[in-house]
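Peer 1:
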Amino acid sequence: MGSFVNRLIGIAATCVMLSAAPAPAQDKLIVVADEWPPFSGAALPGKGISIDVTRAVLTRAGFEVETAILPWSRVVSGARSGDYDVVTSLFLDAEMQQALTYSEPFFETQVKFVRKTGSDVRYDGLQSLTPYVIAVGTGFLYEPAFDTAEFLNKFEVTTTLQGVQMVAAGRVDLTLDSTHVVTHSVLMEDPGLLDQIEFLEPSLADQKIHMAVSKQRPDHDHIVAAFNTALAEMRADGSLAALLQKHAVD
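Each residue of the sequence shown is one higher than the one before, counting from 5 in my numbering.
(1) What is the DSSP secondary structure of Ala173, counted as helix, strand or coil?
(2) What span of residues does the beta strand (DSSP E) with Leu248 cover, start to end?
(3) Does the pairing of the stretch 185 to 192 with the stretch 72 to 90 give three or more beta-carbon distances under 8 Å?
(4) With three or more beta-carbon pairs closer than 8 Å as the criterion, would you say the stretch 103 to 111 touches the stretch 211 to 219?
(5) The alpha helix (DSSP H) with Glu193 in it runs from where to where?
(6) Let me check understanding here. Comparing Cα to Cα, which of Gly52, Thr58 and Lys51 lies closest to Leu33?
(7) Am I right that Ser85 and Ala37 are in contact with their C-beta atoms under 8 Å? What's the rounded C-beta distance?
(8) With Gly82 as the anchor, note down where its alpha helix (DSSP H) starts and where it stops.
(9) If you measure between the beta carbons of Asp181 and Val137, is that distance less than 8 Å?
(10) Does DSSP put Lys32 in a helix, in a strand, or in coil?
(11) Please state the DSSP three-state secondary structure of Thr58.
(12) Measuring alpha carbon to alpha carbon, tell me which of Gly45, Pro49 and Trp40 ends up nearest Leu248.
(13) Should Trp76 be counted as a contact of the ligand HEM given a C-beta to heavy atom distance under 7 Å?
Printed below as a string of structure tokens:
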């Protein structure tokens, strides 16, 4: 009887140890994001801030990682179906949380409206925007109240830069995005716009950026917990700050 009980205790202890251990190396995590420079992009160093940080943190947590930049529609559908394990470059979003388990944030940015330099367009709450035409990215998530505000006149564009160019040309009144995204897009692709546009105060939102794991994976909670632990370690030892400095961001 004692031998049998000891064997049961040993088996239970082994199961606990296996459940707490990092995923084995052969269990590769597929990490995806859409084209959203400087946070994610196929041509960016390390594929962008979000991909680079997510890869580094997951690797430190003991996972093998494969990354890809995909259209947003494929990112969303693949995460919901379980074809992709991890999505990064995410603002917190209630709808996405139905399919994904979010990590602690690893970066923060401000979402602001952009107007033509010298314009008298003002922002004082969403109702103040009703007279204006606002360029928004198709499928983009900015801030929940704005995203669901059907009373606003929104004009869909493909990229942030396209929206900024339309503002500068006077074709729309406003566009919006992360200040990091707007600044990077203009500097890299159309620096002549710098003097033609300006950010509106106050910001629409201060948004934190996360990675999240598909709930189709039975170990999604474990992966997120391991990520959060490794992220805290990297904050404490300065390696996260060093990685962000490589991307020339605060």
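We put the CB at the ideal spot given by N, CA and C, even for glycine.
Peer 2: Inspection of the coordinates gives the following:
(1) Position 169 of the sequence shown, counted from the start, is the residue given in the question as residue 173. Three-state DSSP puts Ala173 in coil, outside helix and strand.
(2) Here residue 248 refers to the residue found at position 244 of the sequence shown. No beta strand (DSSP E) contains Leu248, which is instead part of the alpha helix (DSSP H) from Ser243 to Lys250.
(3) no
(4) yes
(5) Residue 193 sits at position 189 when you count from the first residue of the sequence shown. Unbroken alpha helix (DSSP H) run through Glu193: Thr183 to Glu193.
(6) One-based indexing of the sequence shown puts residue 33 at position 29. Considering only alpha carbons, the answer is Thr58.
(7) The count along the sequence shown starts at 1 and reaches residue 85 at position 81. The count along the sequence shown starts at 1 and reaches residue 37 at position 33. With 8 Å as the limit, Ser85 and Ala37 do not qualify as a contact, their Cβ atoms being about 17 Å apart.
(8) Taking the first residue of the sequence shown as 1, we reach residue 82 at position 78. Segment Trp76 to Ser85, the alpha helix (DSSP H) holding Gly82.
(9) The residue given as residue 181 occupies position 177 in the sequence shown. The residue given as residue 137 occupies position 133 in the sequence shown. Not in contact: Asp181 and Val137 (Cβ atoms no closer than 8 Å).
(10) In the sequence shown, counting from the first residue as 1, residue 32 sits at position 28. Coil.
(11) In the sequence shown, residue 58 corresponds to position 54, counting from 1. Thr58 falls in the helix class under three-state DSSP.
(12) Taking the first residue of the sequence shown as position 1, residue 248 is located at position 244. Considering only Gly45, Pro49 and Trp40, the residue with the shortest C-alpha distance to Leu248 is Pro49.
(13) The model depicted lacks the ligand HEM and carries no ligand whatsoever.
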